[in-house]
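Here the structure comes first, spelled out in structure tokens, and everything after it is commentary.
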Amino acid sequence: MASEFTPAASLARRSLRTWALAMPLGIGLWATQMAPARALVPYVFVPQSPELAGAGLGIAQAAGRLLRLGQAEDAARLAALTVQLLPQDPRGWLLLAEAQLRSNQLDEAAAALARAKELDPRNPGIWFAQGSLALRNGEPQQAVGLLQQGIKLDGRNPGAYFDLGNAHLLLGDSGAALSAFERASGLRKDFWEAINNQGLVLYEQGRGKEAIDRWRRVLKIRPEAAEPSLALAAGLYASGPQQQAEARQLAAQALDDEPNYVLDSFQKEQLWGDRLRASTRRLLEDPELKSVVDRANANAESSTDPEESTP
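Written out as structure tokens, the structure is:
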């Protein structure tokens, strides 16, 4: 799940000079005497630093709007113009990195973040973005260190705690993961992804009832969310026959909304543990769900691989 935006080699600051072109006096007199008419020399406006700074800020605002609209590649192109105009402003580099992260330009994002950190090493957003990047690159241990350093600078960023929880989960430290997810939802009450992940951890710890309570909380915030719906369905189905009718209804809706959850590989990508995936397999083997499961297998992105399909 994505985090909030919270997201290089040293560049010499460019200084702009306006060149005045002057004609030597003798040549000028000669040209005046010999030519029947003077050619019009066009005036060319060369913007000065204040104009460039204003343009850079305007472009940055436009890039930010595109990013909020989900147009990450276009935002990255505009942010690249921003850092050309304002090379010493770390905010531009951070904006560029965020846009590159969201458009999967990971190497470029790493370079932009490194440059931003050179300019503003105490900016927690830079540490958080580097932590998110490490997490995406499959380096959870490095992510933990970066995120914790950022949290020392800003301990009230829910997205940072969410990423920290995911990093701990990948490292197998469920206790630390749960604490981080609880901190994230404590800072932002409607942070349903963090509450959902609390359920994932609790279920693997054998605390099924608490996990079910978390997933029900999530669905009060985001009733249409597929992941907590299917997780809740699996938990209810495993808890006894009296809950199975509700479980089948939840599972059918979840798989119609997001058929990829029928795939064990997709569940793993979402950090579902062994216990929850096993419960989900038992749920999806229910004969009353056969048509739902068949449809999900047909629509899932990896359904061409028969090994991935749920029977």
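Okay, so the sequence shown: first residue is 131 according to the working numbering, each after it adds one.
We put the CB at the ideal spot given by N, CA and C, even for glycine.
Worksheet item: Are the stretch 268-277 and the stretch 235-243 in contact at 8 Å, needing three or more beta carbon pairs?
Response: Touching, no.
Fill in: tyrosine 367: first and last residue of the uninterrupted alpha helix (DSSP H) it sits in
Tyrosine 367: member of the alpha helix (DSSP H) spanning 356-369, first to last residue.
Worksheet entry | Pairwise C-alpha distance: glutamate 388 and asparagine 427 | So the two alpha carbons sit approximately 11 Å from each other.
Item to complete: Following the continuous alpha helix (DSSP H) through asparagine 326, name the residue where it begins and the one where it ends.
Response: Start and end: 322-334.
Worksheet entry | Cα-Cα separation between alanine 205 and isoleucine 189, rounded to whole angstroms | Going by the C-alpha atoms only, they are around 9 Å apart.
Worksheet item: Between glycine 261 and leucine 224, which are expected to be in contact by the criterion C-beta below 8 Å, what is the C-beta distance as a whole number of angstroms?
Response: Incorrect: roughly 13 Å between the Cβ atoms, too far for contact.
Practice prompt. Apply the 10 Å Cβ neighbour rule to leucine 265 and answer buried if 16 or more other Cβ atoms are within range, or exposed otherwise.
Written response: Note on leucine 265: 16 or more other CB atoms within 10 angstroms of its CB, so buried under the neighbour-count rule.
Worksheet item: I think leucine 231 touches alanine 192, with their Cβ atoms under 8 Å apart; what is that distance to the nearest whole Å?
Response: With a beta-carbon spacing of about 19 Å, leucine 231 and alanine 192 fall beyond the 8 Å limit used to define contacts.
Discussion item. Taking the beta carbon of glycine 200 as the centre, do at least 16 other beta carbons fall within 10 Å, making it buried, or is it exposed?
Written reply: That one is exposed.
Practice prompt. With leucine 208 as the anchor, note down where its alpha helix (DSSP H) starts and where it stops.
Written response: Start and end: 202-215.
Worksheet item: From what residue to what residue does the alpha helix (DSSP H) around leucine 294 run?
Response: Leucine 294 -> alpha helix (DSSP H) spans 288-300.
Discussion item. Can you check which of these residues, Lys319, Ala229, Gln214, is closest to arginine 198 by C-alpha distance?
Written reply: The candidate whose alpha carbon is nearest that of arginine 198 is Ala229.
Item to complete: May I have the straight-line CA-CA distance separating serine 309 from leucine 349, to the nearest angstrom?
Response: Taking the Cα positions, serine 309 is about 21 Å away from leucine 349.
Worksheet entry | Rounded Cβ spacing between serine 359 and leucine 380 (contact assumed at less than 8 Å) | At roughly 5 Å, the Cβ-Cβ gap stays under 8 Å, so serine 359 and leucine 380 are in contact.
Item to complete: Look at the alpha carbon of aspartate 112 and the alpha carbon of valine 423, and state the distance between them as a whole number of angstroms.
Response: Residue 112 is absent from the model: the chain starts at 131 and stops at 441.
Worksheet item: Relative to the alpha-carbon of glutamate 248, which residue among Glu334, Pro217, Phe321, Asp386 has its alpha-carbon at the smallest distance?
Response: For the residues Glu334, Pro217, Phe321, Asp386, the minimum Cα distance to glutamate 248 belongs to Pro217.
Fill in: Extent of the continuous alpha helix (DSSP H) to which alanine 374 belongs
In the sequence on display, residue 374 carries glutamine and not alanine. 374-387 is the extent of the alpha helix (DSSP H) around glutamine 374.
Discussion item. Alpha carbons only, please: which of Leu330, Lys339, Ala356, Ala244 is nearest the one belonging to arginine 405?
Written reply: With distances taken between CA atoms, arginine 405 lies nearest to Leu330 out of Leu330, Lys339, Ala356, Ala244.
Discussion item. Out of Asn429, Leu317, Ala361, which one is the CA nearest neighbour of glutamate 340?
Written reply: For the residues Asn429, Leu317, Ala361, the minimum Cα distance to glutamate 340 belongs to Ala361.
Item to complete: Under the assumption that tryptophan 430 contacts asparagine 390 (Cβ atoms under 8 Å), give the Cβ distance between them as a whole number of angstroms.
Response: Reading off the sequence, residue 430 comes out as alanine, not tryptophan. Indeed they touch by this definition, with Cβ atoms about 5 Å apart.
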